[in-house]
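Inspection log for the structure reproduced underneath, given as structure tokens.
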């Protein structure tokens, strides 16, 4: 780099740039959080949904599935599973409940978690709530997730 | 080695390499599970293997960063480490806590681990990469703060260089942004939004500062170039990292329920994120070309140049490939993401830690550079690991393009599992490349013990005629 571009100038770009763009990120974050109830389906977060989220976390579902595209890519996307399963929480519960304990020979299979009926309902309600989040362009692109 | 306390880095590097081996063993296991669905099921479900694979990566990279800091900070600051005993104590605490957590993942069901560690008191578990029990997370905070204190006191009471100040900024950011891992609201959108404040602001923010400063240190040592020039580059590289990367966080906000402006902001700023990586490549080659000394450690030079190139390809090129919102609409959460993740982590962070190890380990073992045989083997392991990682990335990219087409782009989209079966060939090829990577890694470990002809000392480069 040329002598006319000094270390002092480089340092100022670093400090100035870092501070400016961090504050911009903070500002945008404030706006995003304030306007979030318009899109985040939070009016439907019941105690049951919260319990479902906890179960989702305590069984590390994200270690195989993706939810709104984030997670692992070993098993189907679940951000729209409620729609994919014909808007039926019973179908979701039935699927989780019927997984064979020892898997399916040669194929990927979801473990049998032995959830109680109450837990199954909470998980299904959580997935229904997640499906209700208004994502841009109604992501995922189609019903297959 | 100029200061005795630098030697503590050796412990950290040995642990890092040990955990690296574990990470890759779980990696090839998962790769097999992709095509042999019930391999080790239900004893080792995929989600557990994945958690071990990714958590080991994070932990060994942290060991690598800490070891690097303990090695380079005394030398830069021209004084002994503020508290070498604290560095040793924290090493054992971190290693034992890390090992206990991994053993917990493997021996208990994840939900039992959550109950045992009383996740209900402060639920933080079960989110990607942040699967650690809350108590482990608290342990990480304690270790990080003690480490930061030790490094900070050494830097602030010694000679201050741009390298150490950038490193300190990066390490402070690492500790501060990790605190967002304790925020886990019931609101899924807010949970996801602030989860990225850990994940993105780590790997596409402050970790890049750490990486750039480690690379700058090694390049100064190997090439003997004017520090002034290196420091100018370093400032401008990290300036570009933060100018593009902070608002670039927006590329993760496209499809989780954020306002539409993130589509534009995320696309534009993250499209610029390759710039600092490209500058790092220019910087590394420039500095090596202008070297004033011939360092006998050829392997370390190879790793340093390799880091700059592979970080640009993995993080820069493969990141750009799917970062524009209209493209990401189709590729989000597919094997394209996996392809990018593999080469970016390897190219940027794995390789920079291996660069530092390559440079400093021989010195800590009492020589300027390893013997010829050892260096030759190390360079073979460099090529085996790097080329196989390129192929892992290419095969996953092939799988990803097909997945996107079959499942999302075509007029009659197929279900996820049907698509997965159709692209199995690419997963087999990826697994083969993964096995080659493992061979490269084993060769790397072996290279530390190889005996051979000793190499000479550092020589000055003769002035050009």
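Protein chains in written order, with my numbering: chain A, 36 to 180; chain B, -15 to 449. Even for Gly, the Cβ is constructed at its ideal location relative to N, Cα and C.
Item, Value
"Beta-carbon gap between residue 94/A and residue 148/A smaller than 8 Å", "yes"
"Burial state of residue 148/B (16 or more Cβ within 10 Å)", "buried"
"Exposure label - residue 449/B; buried when at least 16 CB within 10 Å", "Bear in mind that a pLDDT of 47 at residue 449/B, under 50, signals an unreliable position, so the model cannot answer this."
"Three-state secondary structure (DSSP) of residue 450/B", "An answer regarding residue 450/B cannot be provided, because it is not within the stretch -15 to 449 covered by chain B."
"Exposure of residue 55/A, with buried meaning 16 or more beta-carbon neighbours within 10 Å", "exposed"
"7 Å Cβ shell around residue 30/B - same chain, five flanking residues per side excluded", "14 and 17"
"C-beta neighbour in chain B for residue 49/A, strict 8 Å", "yes"
"Cβ distance (whole Å) where residue 70/B is taken to contact residue 128/B below 8 Å", "Not really, about 13 Å apart at Cβ, beyond 8 Å."
"Cross-chain neighbours of residue 176/B in chain A, by beta carbon under 9 Å", "102, 103 and 105"
"Classification of residue 170/B by the beta-carbon crowding that lies within 10 angstroms, buried from 16 upward", "buried"
"Validate contact between the region 159 to 178 of chain B and the region 92 to 110 of chain B using beta carbons, cut 8 Å, 3 pairs", "yes"
"Min CB distance residue 153/A to chain B below 8 Å", "no"
"Residue 68/B versus 50/B, 81/B, 83/B and 230/B, residue with shortest Cα-Cα distance", "50/B"
"Contact with chain B by residue 92/A, beta-carbon distance below 8 Å", "yes"
"Whether residue 260/B touches residue 221/B by CB criterion (8 Å)", "yes"
"Nearest candidate by alpha-carbon position, reference residue 409/B, set 386/B, 119/B and 45/B", "386/B"
"Burial state of residue 44/A, where buried means 16 or more other Cβ atoms lie within 10 Å", "exposed"
"Residue-level contact to chain A via CB, residue 172/B, 8 Å cutoff", "yes"
"CA-to-CA distance, residue 7/B to residue 100/B, given in whole angstroms", "25 Å"
"Contact list for residue 120/A against chain B, beta-carbon separation under 9 Å", "In chain order: nothing, as chain B lies at least about 12 Å away."
"Buried versus exposed, by CB contacts within 10 Å (16 or more), residue 437/B", "exposed"
"Neighbouring residues, chain A, relative to residue 244/B (Cβ below 8 Å)", "171"
"Three-way DSSP call (helix, strand, coil) for residue 144/B in this model", "coil"
"Test: residue 162/A CB closer than 8 Å to a CB of chain B", "no"
"Alpha-carbon spacing of residue 392/B relative to residue 251/B, whole angstroms", "21 Å"
"Under 8 Å between C-beta atoms of residue 138/A and residue 34/B", "no"
"8 Å Cβ cutoff, residue 179/A in contact with chain B", "yes"
"Residues that residue 166/A contacts on chain B, provided the C-beta gap is smaller than 9 Å", "What residue 166/A touches in chain B: nothing, since even the nearest Cβ is about 11 Å away."
"Status (buried if at least 16 other CB within 10 Å, exposed otherwise) for residue 166/A", "buried"
"Buried versus exposed call for residue 91/B [16 or more other C-beta atoms within 10 Å across all chains shown]", "exposed"
"For residue 443/B: DSSP bridge partner residues", "278/B"
"Closer than 7 Å at the beta carbon, the chain B residues around residue 95/A", "31, 35, 94, 110 and 115"
"Given residue 186/B as reference, the closest of 314/B, 333/B, 83/B and 138/B once Cα atoms are compared", "333/B"
"Those residues which DSSP pairs with residue 112/A across a bridge", "101/A"
"Coarse secondary structure for residue 171/A, derived from DSSP in three states", "helix"
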